[in-house]
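Visitor: After the structure tokens below, expect a handful of questions from me.
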Amino acid sequence: MPATMRVRVRLFGPLREWEAADEGGRELPLGARVSDLVAALRGDGGLPEKLLMASAVAVNQEYAMAGRVLEDGDEVAILPPVSGGRR
Amino acid sequence: MELVRERIDTAALTQGVKAGGDGAVCVFDGIVRDNTRGRRTLHLDYEAYEEMALKQMRELAAQAVERFGVREVTLVHRLGRLVVGETSVLIVVASAHRGAAFDACRWVIDTLKKTVPIWKKEQFVDGAVWADGEPFPDDIAGDAS
Chain A
1 MPATMRVRVR LFGPLREWEA ADEGGRELPL GARVSDLVAA LRGDGGLPEK
51 LLMASAVAVN QEYAMAGRVL EDGDEVAILP PVSGGRR
Chain B
1001 MELVRERIDT AALTQGVKAG GDGAVCVFDG IVRDNTRGRR TLHLDYEAYE
1051 EMALKQMREL AAQAVERFGV REVTLVHRLG RLVVGETSVL IVVASAHRGA
1101 AFDACRWVID TLKKTVPIWK KEQFVDGAVW ADGEPFPDDI AGDAS
């Protein structure tokens, strides 16, 4: 059994320009959580920190909390604050 | 519930919703404004995480029906490039009585603006920026923040 898995990372809105070509997804240790992936993305250093930290995360098109355990083949989306506008 | 790339036919959609038991139809027609904080807007580009946005829109409509007891909620959002005056989002709420229709309509647009994954880039005469967006509600702020 391999000790790693792969998830597909998707970036949207103001983060989209940093979306990497999908080369089979991002490798993570088995049992990694949403927070581990976010930490890994921060570690890469390429993404604007403030925007990343203001973002929500969706796993397979549903909002997910930091403690959610990821599984091989999951689609993980980093979602910057959505369009908003003044009430 | 729909994401479309062509013009939203507000009149036709509103008319199409009406049914015999309705006493009120409340419409929110969100249109492109010609400025943001005084800076002149040329056009807006909307994009979405489409699969998720559609799911969220369906859930929002169902929640509105349940929460406010309205009969039906129709929700359409346009994506791509929109110019000033064009409809970006249309919400039509049909109900037996007006109170619930107003309340549901307000709740749907306010919630949509905070939770449905759609972003807009504003093109001004002197540059383009992504709109700031609203902070996520606590129950979906899922990252390491």
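Those protein sequence lines, which keep their order, are chains A and B. Its first residue numbered 1, the first sequence is counted upward by one per residue in the numbering used here. Its first residue numbered 1001, the second sequence is counted upward by one per residue in the numbering used here. The beta-carbon is built from N, C-alpha and C at its ideal position, and this holds for glycine as well.
1. So who's on the other strand from A/Pro29, going by DSSP bridges?
2. Can you look up B/Leu1090 in the DSSP assignment and give me helix, strand or coil?
3. Using the beta-carbon count (16 or more within 10 Å), is A/Leu70 buried or exposed?
4. Which ranges would you report for the beta strand (DSSP E) in the region 1112-1143 of chain B if only whole runs of at least 3 residues count?
5. Which whole runs of the alpha helix (DSSP H) in the region 1015-1092 of chain B are 4 residues long or more, in chain order?
6. So with CB distances below 8 angstroms, who are the chain A contacts of B/Thr1041?
7. Using the three-state DSSP reduction, which class does A/Ser83 fall into: helix, strand or coil?
8. What are the start and end residues of the alpha helix (DSSP H) that includes A/Leu51?
9. Does the region 1122-1142 of chain B come close enough to the region 1054-1069 of chain B to have 3 or more Cβ pairs within less than 8 angstroms?
10. Can you find a C-beta in chain A that's less than 8 angstroms from the C-beta of B/Ala1064?
11. Give the DSSP-derived three-state secondary structure of A/Arg10 in the structure shown.
12. Can you give me the C-alpha to C-alpha distance between A/Ala31 and A/Arg68, rounded to a whole angstrom?
13. Tell me which residues share the same chain as B/Ala1053 and place their Cβ nearer than 8 angstroms to its Cβ, disregarding the 5 neighbours each side in the sequence.
14. Hey, does B/Ile1031 have any beta-carbon neighbour from chain A nearer than 8 angstroms?
15. Which residues in the same chain have their Cβ closer than 6 angstroms to the Cβ of B/Cys1105, if we skip the five residues on either side of it in sequence?
16. Measure the C-alpha to C-alpha separation of A/Ile78 and B/Gly1023 and round it to an integer number of angstroms.
17. Have a look at the DSSP bridge pairing and note the partners of B/Leu1003.
18. Along the region 10-43 of chain A, where does the CB come closer than 8 angstroms to a CB of chain B? Name the residues.
19. Out of B/Val1084, B/Ala1100, B/Glu1050, B/Glu1122, which has the shortest C-alpha to C-alpha gap to B/Arg1033?
20. From this set, A/Arg87, A/Pro81, A/Asp72, A/Val76, which residue's C-alpha is nearest A/Ala3's C-alpha?
21. Considering only residues of the same chain and omitting the five flanking positions on each side of A/Asn60, which have a CB-CB separation below 8 angstroms?
22. Using DSSP with H/G/I as helix, E/B as strand and the rest coil, what is A/Ala66?
23. Please report the distance separating the alpha-carbon of B/Gln1015 from that of B/Ala1064.
Guide: This is what the structure gives:
1. In DSSP, A/Pro29 forms a bridge with A/Thr4.
2. The DSSP-derived three-state label of B/Leu1090 is strand.
3. It counts as buried.
4. Listed in chain order, the complete beta strand (DSSP E) runs (minimum 3 residues) inside the region 1112-1143 of chain B are 1118-1124, 1127-1130.
5. Taking 4 residues as the minimum length, the alpha helix (DSSP H) runs contained wholly in the region 1015-1092 of chain B are 1050-1068, in order along the chain.
6. Listed along chain A is no residue with a C-beta nearer than 8 angstroms to that of B/Thr1041; the closest approach is about 12 angstroms.
7. Coil.
8. In the DSSP annotation of this structure, the continuous segment of the alpha helix (DSSP H) that includes A/Leu51 starts and ends at 49-54.
9. Cβ pair count under 8 angstroms is below three, so no.
10. For B/Ala1064, the answer is no, since every Cβ of chain A falls outside 8 angstroms of its Cβ.
11. Here A/Arg10 sits in strand by DSSP.
12. With the sequence shown as reference, residue 31 of chain A is identified as Gly, and Ala is not the correct amino acid for it. Whole-angstrom Cα-Cα distance: 10 angstroms.
13. Same-chain partners within the cutoff: Leu1003, His1077, Val1116, Pro1117, Ile1118.
14. No, B/Ile1031 does not count as interfacial toward chain A.
15. So the list reads Cys1026, Phe1028, Ile1091, Val1093, once near-sequence residues are dropped.
16. Within the model, the alpha-carbon separation for A/Ile78 versus B/Gly1023 is close to 42 angstroms.
17. In the DSSP output, where bridge partners are listed per residue, B/Leu1003 has B/His1077.
18. Identification of residues in the region 10-43 of chain A having a C-beta nearer than 8 angstroms to some C-beta of chain B yields Arg10, Phe12, Gly13, Pro14, Arg16, Val34, Ser35, Val38, Ala39, Arg42, given in sequence order.
19. Looking at the Cα atoms, B/Val1084 is the closest of the given residues.
20. Nearest of A/Arg87, A/Pro81, A/Asp72, A/Val76 to A/Ala3, Cα basis: A/Asp72.
21. Taken in chain order, the residues that qualify are Asp74, Glu75.
22. In the structure shown, A/Ala66 sits in coil (DSSP, three-state: anything other than H, G, I, E or B).
23. A straight line joining the alpha-carbon of B/Gln1015 with that of B/Ala1064 spans about 20 angstroms.
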